[in-house]
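The block underneath contains the structure these notes are about, expressed in structure tokens.
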Amino acid sequence: MAEKLKVTLVKSPIGAIPKQRATVEALGLRKMHKTVELPDNDAVRGMIWHVRHLVKVEEV
């Protein structure tokens, strides 16, 4: 596994269910096409899995 993950919001969470919107916000993604670097651990991977249709993930 990589040490960090680069997560980019590529689809708007406006139409998503509230739990998914909260997950996107908790990942630190507030605006479209913004990128955050997060540690590669099970908690972050689980959050990404729940919103995988809204984000793009790259290993750093």
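Its first residue numbered 1, the sequence shown is counted upward by one per residue in our numbering. Glycine included, every Cβ here is placed at the ideal spot set by N, Cα and C.
Check: 7 Å Cβ cutoff, K11 in contact with chain C; Outcome: Reference to chain C is not applicable here, since this structure consists of a single protein chain.
Check: At least 3 beta-carbon pairs within less than 8 Å: the region 47 to 56 vs the region 27 to 38; Outcome: yes
Check: For V51 and K6, believed in contact at Cβ under 8 Å, the rounded distance; Outcome: With 8 Å as the limit, K6 and V51 do not qualify as a contact, their Cβ atoms being about 15 Å apart.
Check: Limits of the beta strand (DSSP E) - the one that P13 falls within; Outcome: Neither: P13 is in no beta strand (DSSP E) and is coded neither H nor E.
Check: Bridge-paired residues (DSSP) for L5; Outcome: L38 and E59
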